[in-house]
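Numbering (our numbering), first residue to last: 68 to 684. Beta carbons are placed, not taken as given, at the ideal position from N, Cα and C, and that holds for glycine. These numbers were taken from a predicted model, which means no experiment stands behind them. Take a look at the structure set out below.
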């Protein structure tokens, strides 16, 4: 992932880095809210009543607060959890607490209205307006956070209705009077109708800029981001049936290198789709590396090794459901590889210029070239730069697969290093010089390989900087020289962490390893940005111990093998397209600018209209 600082529409995402308190702490806040709001409301409403001293207000108000806030909210939380069982309780308490905070403010305000005007009708209007406004909040929660558009309105009636039912006995405590429940419900639902109009008016003004610019719902997009943050799920996808669908169709190459032994069975399959594994969490193609590895492992009983192509985020898939198209392509590849071993020459080349390294394995008329600048930053490569690199490598083999090792990132690096490798960048020139300087290190007519995989993520306790799935080790032996690949399902790597791992493996095994990450954005979210590189939270001591076991296993399985290269093209595969991120941010900036002006005015007007209607009924 290239440097994409959070500016403009993304400048507020830091709030998502805040961890919520525990469920117990949040519920304690709810109880405290009820025990504070109740006595304050009772005291203000009867401040001039000589029979209602402070002690009376404290005790009766506490009972009123329990009835008006704590009990109905507790019931709402339990019902919400029963209906949306996949949501963690603390998030349900959190959104319910925010709703009740607004309701509590209006309860206190109603006490002040009752004291000033001595009018229960006006006090009741204030309470019902506050309760009805909760409906608008739950519309937001259900439509935007849960993406439940069809039943958002019905479900949003739940908490306001429960609040009103339990307010009836509390009203006697606070004001000494109440109304029949039928009249109260009519007033409440009349006010709710006003807030229903407010909610959908706001949604329209928020949604229209993105729909006009990009052809898909901004509400769905925001919903995806929030769902990923809270629940790690992906429900909504951009609508591809509109006149101006998000993204564009492209023919995407999927390179595969299949390694087989004498038995003809595949030992491992290196898969390099020309796809960027983003944008975040489980959205788009972020989780494709895990899905690819798992599919190859389960169906073909071989180690699936996914590497990062020389591509950037313009090549993100639109939706996670596109994996089915990629899976079919992999299956077609596995039908074409030749079983058994093949008589072909294997060679290992190395070139370097100004820290830019190129490591190339050639087999027959095919080759796989790895690019890295570690310990300097290794980031995405633009499509234009990738074409230039492949052309420069074309003299070495007919079929070329270029891999970005994506194995070094630190945020204090110069901005031009954090940016992607572009066609006019100094970094590209360094890579081209390294390609010119490629020299053969070893060659042989025979190839020996050893391969092993392990679920290091699980063994390390699922650290936040490592995505689910297996890590892989491959050891190649060409002409008596050993070198290898260690692959992690992660997004880049701390350079010091990389250096420690490589130094340890070199000393212990005397093998020239390179470390790779898939650039999976599964490990990224609004809370975990591009800085969440491997080595941020993973323990070096535990990691090195697990790698020792994996490499030892690979070395113990060394056998004569052959490599076969095959490339399949996915036709009409939806990707983001050029500068789509910038277009999206421009539309979001427009949406935010509109919201800042219109939303406060619409909400204020809505409160006045709702209060006026309530007093008329």
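Mind checking which residues open and close the alpha helix (DSSP H) that includes residue i?
i	result
residue 535	First-last for residue 535: undefined, no H or E at that position.
residue 487	Looking at the DSSP string, residue 487 is not in any alpha helix (DSSP H), and its letter there is neither H nor E.
residue 604	Neither: residue 604 is in no alpha helix (DSSP H) and is coded neither H nor E.
residue 234	225-242
residue 398	390-403
residue 105	90-112
residue 162	156-184
residue 138	138-150
residue 571	562-576
residue 124	121-132
residue 502	493-503
Under the assumption that residue i contacts residue j (Cβ atoms under 8 Å), give the Cβ distance between them as a whole number of angstroms.
i	j	result
residue 590	residue 534	5 Å
residue 266	residue 229	Contact doesn't hold; Cβ gap of about 19 Å is too wide.
residue 546	residue 598	With 8 Å as the limit, residue 546 and residue 598 do not qualify as a contact, their Cβ atoms being about 41 Å apart.
residue 108	residue 175	5 Å
residue 340	residue 319	7 Å
residue 378	residue 448	7 Å
residue 104	residue 136	6 Å
residue 356	residue 475	The pair is not a contact, with the Cβ atoms about 19 Å apart (cut-off 8 Å).
residue 604	residue 532	5 Å
residue 508	residue 583	About 19 Å; that fails the 8 Å criterion.
residue 442	residue 565	7 Å
residue 380	residue 328	Rounded, the Cβ-Cβ distance is 38 Å, inconsistent with contact.
residue 257	residue 681	7 Å
residue 640	residue 317	6 Å
Taking its Cβ as the centre, do 16 or more other Cβ atoms sit within 10 Å of residue i, making it buried, or is it exposed?
i	result
residue 304	The predicted position of residue 304 is uncertain, since its pLDDT is 49 and thus under 50; no value can be drawn from it.
residue 400	buried
residue 498	buried
residue 586	buried
residue 184	exposed
residue 581	buried
residue 60	Given a span of 68 to 684 for the chain in the structure shown, any question on residue 60 remains unanswerable.
residue 163	buried
residue 299	In this predicted model, residue 299 has a pLDDT of only 48, less than 50, meaning its place in the structure is not dependable; the value taken from the coordinates is given anyway. Under this definition residue 299 is an exposed residue.
residue 529	exposed
residue 145	exposed
residue 671	exposed
residue 167	buried
residue 187	buried
residue 437	buried
residue 677	buried
residue 95	exposed
residue 370	buried
residue 675	exposed
residue 238	buried
residue 204	buried
residue 250	exposed
residue 494	buried
residue 347	buried
Could you please give me the residues that DSSP links to residue i through a beta bridge?
i	result
residue 320	636
residue 554	539 and 583
residue 362	None, per the DSSP bridge assignment.
residue 197	DSSP output for residue 197 lists no bridge partner at all.
residue 375	Beta-bridge pairing links residue 375 to no other residue.
residue 22	With the chain covering only 68 through 684, there is no way to say anything about residue 22.
residue 509	415
residue 260	DSSP, once it has assigned bridges, lists no residue as partnering residue 260.
residue 630	326
residue 475	445
residue 439	424
residue 384	642
residue 343	383
Could you please give the first and the last residue of the uninterrupted beta strand (DSSP E) stretch that includes residue i?
i	result
residue 456	Taken as a continuous stretch (DSSP letters only), residue 456 belongs to no beta strand (DSSP E), being part of the alpha helix (DSSP H) at 450-460.
residue 336	333-340
residue 429	423-430
residue 517	514-521
Exercise. Please confirm if the stretch 319-329 is in contact with the stretch 629-638, defined as three or more CB-CB distances below 8 Å between the two stretches.
Key: yes
Quiz item: Counting Cβ pairs, one atom from each stretch, are 3 or more of them under 8 Å apart for the stretch 612-626 and the stretch 472-482?
Solution: no
Exercise. Count the CB pairs spanning the stretch 120-133 and the stretch 193-200 that are closer than 8 Å, and state whether there are at least three.
Key: no
Quiz item: Is it a yes or a no for the stretch 430-443 touching the stretch 392-401, going by three-plus beta-carbon pairs under 8 Å?
Solution: no
Quiz item: Within the chosen definition, does the stretch 498-505 reach the stretch 520-529 through at least 3 CB pairs nearer than 8 Å?
Solution: no
Quiz item: At a cut of 8 Å, does the stretch 183-197 reach the stretch 247-265 through at least three beta carbon pairs?
Solution: yes
Quiz item: Three or more C-beta pairs closer than 8 Å, one from the stretch 466-473 and one from the stretch 372-388: is that the case here?
Solution: yes
Quiz item: When the Cβ atoms of the stretch 349-361 are set against those of the stretch 450-465, are three or more pairs found closer than 8 Å?
Solution: no
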